[in-house]
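In what follows, a structure is listed as structure tokens, so that the remarks can point back to it.
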Amino acid sequence: MINKAKKYATTNTLVLLGVILGVLFGIFAPELALSQQVIGEIFINFLKMLVVPLVFSSVYVSIVGLGDLKSLRDIGAMVVSLYILTTALAVVIAVVSMNLVPIGEAVTAEGLEYVKATQIAPFSFKSMILSFIPTNIFHSLSDGSMMPIIIFALLFGIASLHLTKQRQSVIYDFFTAVMDAMLIMAEWVIKMTPLGVFSLISYVVADQGVEVIVGLWKYLLMVIAVLLFHAVITLPSLLLFFARINPFKYLNSIREAPIMAFSTASSMATLPVSMRVAQEVGGVDKKNASFVLPLGATISMDGTAAYLTVATLYIANLAGVDLTLFDQFVLGATVVALSVGVAALPSASLVMLIVILNQFGLALEYIALIVAVDRILDMARTSLNVTSDLVVLKIVDERLKQKNVQEGLNS
Numbered sequence: 023m024i025n026k027a028k029k030y031a032t033t034n035t036l037v038l039l040g041v042i043l044g045v046l047f048g049i050f051a052p053e054l055a056l057s058q059q060v061i062g063e064i065f066i067n068f069l070k071m072l073v074v075p076l077v078f079s080s081v082y083v084s085i086v087g088l089g090d091l092k093s094l095r096d097i098g099a100m101v102v103s104l105y106i107l108t109t110a111l112a113v114v115i116a117v118v119s120m121n122l123v124p125i126g127e128a129v130t131a132e133g134l135e136y137v138k139a140t141q142i143a144p145f146s147f148k149s150m151i152l153s154f155i156p157t158n159i160f161h162s163l164s165d166g167s168m169m170p171i172i173i174f175a176l177l178f179g180i181a182s183l184h185l186t187k188q189r190q191s192v193i194y195d196f197f198t199a200v201m202d203a204m205l206i207m208a209e210w211v212i213k214m215t216p217l218g219v220f221s222l223i224s225y226v227v228a229d230q231g232v233e234v235i236v237g238l239w240k241y242l243l244m245v246i247a248v249l250l251f252h253a254v255i256t257l258p259s260l261l262l263f264f265a266r267i268n269p270f271k272y273l274n275s276i277r278e279a280p281i282m283a284f285s286t287a288s289s290m291a292t293l294p295v296s297m298r299v300a301q302e303v304g305g306v307d308k309k310n311a312s313f314v315l316p317l318g319a320t321i322s323m324d325g326t327a328a329y330l331t332v333a334t335l336y337i338a339n340l341a342g343v344d345l346t347l348f349d350q351f352v353l354g355a356t357v358v359a360l361s362v363g364v365a366a367l368p369s370a371s372l373v374m375l376i377v378i379l380n381q382f383g384l385a386l387e388y389i390a391l392i393v394a395v396d397r398i399l400d401m402a403r404t405s406l407n408v409t410s411d412l413v414v415l416k417i418v419d420e421r422l423k424q425k426n427v428q429e430g431l432n433s
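Residue 23 is where the sequence shown starts when you use the working numbering, and the numbers rise one by one after that.
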């Protein structure tokens with residue numbers, strides 16, 4: 023464990039160096055930074071390459087490893103409840119912050135354009151729920167549609183619990199081997215992290231420029247302040263309350279994953295790294311990580327929920343629309359529900375923002391005022407999403423360990 027910790031500490035140092043050098047390279051050599059984007063894309067593609075087999079095998083192994091439906095029901099209820107709690111708290115923080123420090127002076131939407139807004143299909147909860155059910159699992163596997171894959175893996179695992187022990191062990195051993203192989207490949211990819219982060223950060227800085235940030239500094243600071251408050255105050259408090267551990271010691275040990283999430287802006291692309299780090303330096307049981315993290319990368323979106331709330335209230339202020347407390351309550355409930363359906367891909371939350379703006383009758387054109395800094399905020403909120411997943415994982419892991427110890431004492 024000590025050697026593993028030293029290895030990740032060295033990688034973290036190199037990653038932070040990659041971030042700093044990437045920012046400087048993007049500022050002082052923007053043309054070169056733009057031309058080397060392919061390096062970052064190769065890095066992300068290597069990560070995405072591992073996602074589908076890793077998610078399917080890890081979910082299956084975790085379900086069968088639980089041994090019975092009662093254990094699945096207990097841990098599943100705990101995980102989902104914690105994910106909803108953390109997301110709801112992120113929304114509450116965003117609403118309170120925007121009411122205490124309202125930002126956004128009323129401006130007209132005339133002359134603003136946002137072409138993508140007209141290309142979004144109408145959203146409905148029915149279509150979202152139906153999208154979770156795979157009609158063709160091979161199609162879902164090839165497309166990388168995570169929720170259908172997870173649903174099928176859950177059902178496949180539950181069905182396997184009804185097989186004879188001999189047949190069950192054959193399938194279980196196969197997918198365990200697949201999962202272990204994917205984690206070994208993930209360790210190889212982790213070694214590329216400093217170079218990949220350097221490439222991605224330098225490209226974003228060169229592409230977006232620092233001028234854009236200056237014009238939206240109040241909005242940018244508000245979103246980042248809300249994200250930081252949730253990461254530094256709320257999540258550690260939950261860790262301390264539910265898991266009874268030193269939260270900052272744990273968060274410091276798994277910082278590799280949030281840094282990776284910041285550079286890739288994708289919870290799903292970060293998943294192989296999260297699983298590796300949580301087990302090797304976070305002290306989390308492999309079986310728990312296999313179940314909690316793939317689910318969290320799909321349905322846990324604390325950073326996205328906070329961002330959507332701040333962005334909606336900011337746009338409402340720009341449009342001169344005064345949302346009542348009831349409207350803000352509806353907004354919060356909508357964001358929590360919609361965050362489950364946000365794809366774990368870069369900028370997918372913009373689609374959800376359009377849905378919310380339509381619901382409250384706000385002009386979609388206002389998105390043009392904030393979309394310029396969306397990539398930067400996407401990186402920040404994804405980092406919080408991954409941090410929240412790892413916090414929930416640690417809480418679940420500690421509580422299950424405490425439960426096992428208690429049962430051992432009672433017996």
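Glycine included, C-beta positions come from ideal geometry on N, C-alpha and C.
Phe-382 in three-state terms, based on DSSP: Looking at Phe-382 - three-state DSSP - the assignment turns out to be coil, as it is neither helix nor strand.
Could you tell me the distance, in whole angstroms, from the CA atom of Leu-38 to the CA atom of Met-323? 24 angstroms
Short Cβ contact (8 angstroms threshold) for Ala-228 with Gly-325: no
Endpoints, the alpha helix (DSSP H) within which Ser-174 is located: For clarity, residue 174 is Phe in the given sequence; the question names Ser instead. Start and end: 168-182.
Own chain, CB closer than 6 angstroms to Phe-284, minus 5 neighbours either side, in chain order: Met-401 and Ser-405
Selected residue, minimal CA-CA separation from Asp-419, among Leu-317, Phe-270 and Val-306: Cα-wise, what sits closest to Asp-419 is Val-306.
Beta-carbon contacts of Asn-310 that lie in its chain and below 7 angstroms, excluding the five residues immediately before and after: Leu-415, Val-418, Asp-419 and Leu-422
On the DSSP letters alone, give me the boundaries of the alpha helix (DSSP H) that Tyr-388 sits inside. Run containing Tyr-388: none; DSSP gives neither H nor E here.
Ser-221 and Gly-48 - do their beta-carbons sit closer together than 8 angstroms? no
What's the call for Val-123, buried or exposed, on a 16-neighbour Cβ count within 10 Å? Per the 10 Å Cβ criterion, exposed.
Residue from Lys-213, Gly-383, Tyr-336 and Phe-65 whose Cα sits closest to the Cα of Leu-238: Minimum Cα-Cα distance from Leu-238 among the listed residues Lys-213, Gly-383, Tyr-336 and Phe-65 corresponds to Tyr-336.
Quick one: is Gly-342 buried, meaning 16 or more other Cβ sit within 10 Å of its Cβ, or exposed? exposed
Quick check: what's the CA-CA separation for Asp-90 versus Phe-313? 14 angstroms
Give the straight-line distance between the Cα atoms of Pro-294 and Tyr-241, rounded to the nearest whole angstrom. Here the C-alpha atom of Pro-294 lies approximately 32 angstroms from the C-alpha atom of Tyr-241.
What number of angstroms, rounded off, separates the C-alpha of Leu-197 from the C-alpha of Asn-121? The residue you asked about is not Leu; residue 197 is Phe in the sequence shown. C-alpha separation (whole angstroms): 50 angstroms.
Would you decide whether Glu-302 is buried or exposed? Buried here means 16 or more other CB atoms lie within 10 Å of its CB. Its Cβ being crowded by 16 or more others within 10 Å, Glu-302 is buried.
Quick check: what's the CA-CA separation for Ile-61 versus Asn-426? A direct Cα-Cα distance of roughly 46 angstroms separates Ile-61 from Asn-426.
Report yes if the CB atom of Gly-40 is closer than 8 angstroms to the CB atom of Leu-261, and no otherwise. Taking 8 angstroms as the Cβ cut-off, Gly-40 and Leu-261 do not qualify as a contacting pair.
Where Val-192 sits in the DSSP three-state scheme: helix
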